[in-house]
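Written below as structure tokens is the structure these notes are about.
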Amino acid sequence: MASNGGGIFDPGTRTQMTPSLILEDRCEVQKPGLLLSQLTGPQVAADDSLFGTQTSAARLKAMLAAPTLSSLDPKLLPPTPGLPMGPKDRLTGKELAELRALRADPSLAKTRSGRPFDLNSDITAIYQAGEGRWGTHGDALRDLFWDRSPDQIRAIELGYKDRIGSDLVQELGQEFGANDRKFYDSIRKGDRIGAAAAELMEAAEGSKDPVRAKKVLRRLDPEEVKKTKLRFERLDPKDRTTEQALVPALTNRRNPNKQLELQALLAGDKDKADGIALGYDLARRDGGATVDKMRQMGPEAIGRVDASRFKGSLGANIDKLEGTDRDQARALLAGNLPRADAAKARDAVDGWGGIDKDKLFDALSPNIDDPTQRRAYMGKLETEYNQMYSKPLRQEIARLGGEDRDRAETLLAEGRLSPEKRLQYALTGSEVDGMEA
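Using this note's numbering, you'd call the opening residue of the sequence shown number 14 and step up by one each time.
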């Protein structure tokens with residue numbers, strides 16, 4: 014990247030760094046004193062490895078103090094927070110040119126699901142999912158790769174090698190089992206049918222995981238389900254149909270609902286499967302599972318299932334639930350997501366053990382990228398909360414202390430934390446969160 018009036022090339026991210034890029038692409042260091050105060054306390058004095066690597070406070074001070082970075086000694090630049098920066102396995106000139114071209118390609122700006130493609134965030138997520146225990150976080154890795162195109166995966170591989178210093182393909186090959194390796198080999202080539210078939214084979218023969226099998230099938234449209242079953246049956250060494258391989262291995266005869274749900278998914282009928290699963294959860298009065306299922310389905314699918322499976326009686330079944338689970342489910346049936354999130358916030362502040370901070374923060378963090386739309390959503394959420402419950406939401410948030418209250422109030426107003434706020438919270442509290450910083 015060319016310099017725009019001063020800067021220094023950061024070998025860790027292959028980016029021309031200026032003061033406005035130190036924290037994040039759009040984030041300026043408006044209050045360096047706050048950050049420096051976090052870097053001069055006893056914790057830093059006692060432990061120079063602030064971010065899990067040898068990143069000293071002096072280095073960050075020098076970065077923040079310089080009006081530009083053009084005269085700053087490159088040795089002062091800290092490595093990527095929390096990540097190794099060894100010299101091994103760096104990119105060749107050809108690989109670096111390929112990575113630059115991929116990063117500049119506008120067609121890669123969005124993932125398959127329409128979310129912004131953030132290469133650095135993906136690399137960090139993959140690194141965090143590993144840490145010597147790839148299998149523990151295999152679901153997170155598979156979910157990430159499933160939502161990326163082959164070119165995006167190639168950019169991740171090159172960026173991982175450049176930033177982490179090792180070959181991602183080799184690491185996955187060493188840590189993944191045979192079926193997971195087939196999944197990755199297929200998905201990086203754009204063969205989603207092969208990737209799905211490999212996951213079903215692992216669910217049937219390896220992990221015996223019905224949740225994984227159902228997740229795979231729910232990702233596919235009916236035509237893709239047919240193709241995946243054909244591929245599975247071609248690969249199966251025992252010459253079984255997909256139903257013969259999966260249904261006995263992943264379901265229990267004592268619970269016919271689970272069998273019927275899986276059979277519906279194997280037939281490509283997600284609405285029927287959702288109706289079976291939702292009916293089962295409602296029959297058990299399992300409010301948490303009901304709400305989780307309805308949130309996964311979305312408003313349109315809920316409407317279809319209400320009409321086809323419940324014949325319009327879904328609301329009457331929801332009324333048998335209790336408390337905030339009933340409030341959330343009613344709102345989801347009505348398609349009122351701000352009201353549903355308001356009920357989720359109520360559940361977070363009204364527990365026996367005090368306020369559940371993580372649940373509250375999650376309820377106040379809608380998946381909306383546009384800032385104007387997000388603020389409008391938060392305004393509706395607060396209004397819905399105050400209409401449903403006796404104490405205003407802000408009064409409940411005031412029960413939190415210090416940083417937690419500030420964080421909740423910021424989320425209530427904005428729906429998302431700014432880079433400055435995220436850095437502030439990462440550097441305060443009982444422990445420094447180096448990876449978040």
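C-beta: ideal position from N, C-alpha, C; glycine also.
- As computed with DSSP, K251 is found in no beta bridge at all.
- Taking all protein chains shown into account, N192 has 16 or more neighbouring C-beta atoms within 10 Å of its C-beta and is therefore buried.
- Scanning L112, G151, A210 and E108 for the CA closest to the CA of F189 turns up G151.
- Excluding residues up to 5 positions away in sequence, I368, L373 and E409 lie with their Cβ nearer than 7 Å to the Cβ of V362 in the same chain.
- Spatial neighbours of T254 in its own chain (CB-CB distance under 7 Å, excluding positions within 5 residues in sequence) are listed in chain order as E246.
- The count of Cβ pairs closer than 8 Å, one atom from the region 319 to 333 and one from the region 283 to 302, reaches three, so the stretches are in contact.
- If you draw a straight line from the Cα of D340 to the Cα of G172, it comes to about 45 Å.
- The three-state secondary structure of K393, taken from DSSP, is helix.
- Relative to the Cα of D354, the nearest Cα in the group D252, S162, G392 and A117 belongs to G392.
- Assignment of P129 by DSSP, reduced to helix, strand and coil, places it in the strand class.
- Unbroken alpha helix (DSSP H) stretches of 4 residues or longer found wholly inside the region 178 to 214: 181 to 188 and 191 to 200, given in chain order.
- Contact between R420 and Y398 fails: their C-beta atoms lie close to 17 Å from each other, not under 8 Å.
- Following the DSSP letters along the chain, one finds Y438 inside the alpha helix (DSSP H) bounded by residues P432 to A439.
- Between Q386 and Q141, the alpha-carbon positions lie close to 31 Å from each other.
- In the DSSP assignment, K123 is bridged to P129.
- Exclusion of the five residues before and after K283 leaves R231 as the residues of its chain whose Cβ lies within less than 7 Å of its Cβ.
- For the pair of segments examined, the region 217 to 231 was found not to touch the region 167 to 182: the number of CB pairs separated by less than 8 Å stays below three.
- Counting only runs of 4 or more residues that sit fully inside the region 237 to 283, the alpha helix (DSSP H) segments are 255 to 263 and 269 to 279, in chain order.
- When the five nearest sequence neighbours on each side are left out, the beta carbons in the same chain lying within less than 7 Å of the beta carbon of D417 are those of K370, in order along the chain.
- Between the region 151 to 164 and the region 201 to 208, the count of Cβ pairs shorter than 8 Å is three or higher; the stretches touch.
- Ranking K357, A329, Y293 and A208 by CA distance to the CA of D338 puts K357 first.
- Just so you know, the alpha carbons of P119 and S126 end up roughly 16 Å apart.
- Ranked by Cα distance from L157, the first of R244, E184 and D135 is D135.
- Here W159 is buried. Its C-beta has 16 or more other C-beta atoms within 10 Å.
- A straight line joining the alpha-carbon of E256 with that of T137 spans about 38 Å.
- With respect to the 8 Å criterion, A216 and L291 are not classified as neighbours on the basis of their beta carbons.
- Contact between T303 and A344 fails: their C-beta atoms lie close to 12 Å from each other, not under 8 Å.
- Setting aside the 5 residues that flank it on each side, Y402 is surrounded in the same chain by R359, each with a C-beta closer than 7 Å to its C-beta; the list follows chain order.
- Counting along the chain, the unbroken alpha helix (DSSP H) around G336 starts and ends at G336 to L346.
- At a Cβ-Cβ threshold of 8 Å, L213 and Y197 do not count as neighbours.
- Rounded to whole angstroms, R205 and R412 show a C-alpha spacing of 48 Å.
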